[in-house]
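Below is one structure, written out as structure tokens; the observations come after it.
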Amino acid sequence: MTSHRLDASLDTAVDVLTAERAPVLRAVDGDTVTVRTLSAAGYTRRLASPGADAPTLLDARRGHCLVGPIAVTGARPGQVLAVRFDALVPDDWGYTGSGGIDTELNRALGLADPASRGPLLWDVDAAAGTARNQLGLGVRTAPFLGVVGLPPEATGEHSTIPPRPLGGGNVDCRELVAGSTLFLPVTVPDAMLSVGDGHAAQGDGEVSGTAVECGMTTTMTLSLVDEVPVAGIHADTPAGRITFGFDADLNAATTTALDGMVDWIAGLYDISRAQALAMASVAVSLRVTQVANRTWGVHALLPHDAITGPDAH
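Here the sequence shown is numbered in this note's numbering, starting from 476 and rising by one per residue.
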């Protein structure tokens with residue numbers, strides 16, 4: 476096992492998910508990678524004032540400013556890439572955009588007019604675990620990466636914006652903090668992982684379309700797994716086990732997340748799916764992961780201590 480280091484640069488940054496670009500790093504099963512990513516916009520310096528702009532690393536800004544792709548030698552479709560987040564350290568500043576963009580949600584809230592923008596700038600204290608904005612308001616931080624993804628297909632360049640059942644990507648799940656492992660079914664040879672979109676803090680939903688967007692230094696361990704307890708994208712986090720659903724239809728996304736969790740509970744406790752659904756009804760929380768990316772995200776969360784009794788398998 477080897478430890479690697481990557482920093483965001485013109486040589487390592489990418490704003491699409493693709494398997495056709497040469498990998499910026501080649502890792503093997505069990506390697507640890509420390510990655511320094513910029514904010515989603517790729518700002519290379521701190522914003523001077525709320526609503527101001529700043530230079531970006533990538534001029535085109537077709538999508539999130541990510542680092543990748545990282546090849547995991549020997550990964551093949553049919554396997555699962557386990558990404559364990561060993562440490563996530565945000566930069567000392569961040570921003571949150573709000574309103575002023577003509578979206579269906581902003582229109583419903585009366586905040587589509589550009590004059591209604593309410594951007595926030597944050598000072599982030601990683602050691603204290605806090606962030607405070609220019610209004611004097613603060614929040615507790617819980618850093619994670621919004622985008623952790625594989626190309627959905629072996630050819631082409633694919634947008635970083637929607638989360639996908641194949642490859643993941645812009646999952647935006649606030650539970651993927653340090654100590655979590657995200658399981659991504661491998662979609663293309665060598666996996667070709669790209670990561671970025673650091674969030675110092677975010678609520679379920681990411682309702683303004685942005686979190687506390689920031690640069691992030693992430694240490695992650697990459698492993699290949701042949702057998703997992705549930706199909707599809709899922710995670711084991713400090714908060715509990717998580718299954719995901721992604722769809723333009725909220726009902727469909729909810730069903731996918733719940734279906735995976737029912738399978739997981741049934742397998743853990745050797746019970747029927749009907750019994751597992753009943754247990755889910757009293758022990759599992761369904762949460763709207765994000766509403767920001769033209770595709771609904773829903774996650775089902777089973778806290779580790781939610782079910783007692785016979786040991787899980």
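A virtual CB, placed ideally from N, CA and C, is assigned to each residue, including glycine.
Predicted model only: the values in this text are computed from it and were never measured.
- Excluding five sequence positions before and after V652, the CB atoms of its chain that fall closer than 6 Å to its own CB belong to A617 and F619, given in chain order.
- About 6 Å separates the beta carbons of C648 and H774, which is inside the 8 Å limit, making them a contact pair.
- Per DSSP, reduced to three states, the secondary structure at M754 is helical.
- Counting of Cβ neighbours within 10 angstroms places V757 among the exposed residues, the total staying below 16.
- Within the same chain, and ignoring the five residues on either side of G772 in sequence, the residues whose Cβ sits closer than 6 Å to its Cβ are P638, F721, T764 and Q765.
- When only Cα atoms are considered, A629 and L492 end up about 10 Å apart.
- Counting only runs of at least 3 residues, the region 654-712 fully encloses the following beta strand (DSSP E) elements, listed from N- to C-terminal order: 656-660, 668-674, 691-700 and 709-712.
- For the set V564, E495 and L659, the Cα lying nearest the Cα of V558 is the one of L659.
- By the 16-neighbour rule on beta-carbons within 10 angstroms, L612 is exposed.
- Judged by DSSP in its simplified three-state form, E632 adopts strand.
- Around the beta-carbon of H788, fewer than 16 other beta-carbon atoms lie within 10 Å, marking it exposed.
- DSSP places G526 outside both helix and strand once states are collapsed to three, so it counts as coil.
- The criterion of a C-beta distance shorter than 8 Å is satisfied by R615 and G604.
- Look at the beta carbons and you see the region 559-576 not touching the region 661-671: under three pairs across the two are nearer than 8 Å.
- For V503, the three-state secondary structure derived from DSSP is coil.
- Beta bridge pairing from DSSP links R762 with H774.
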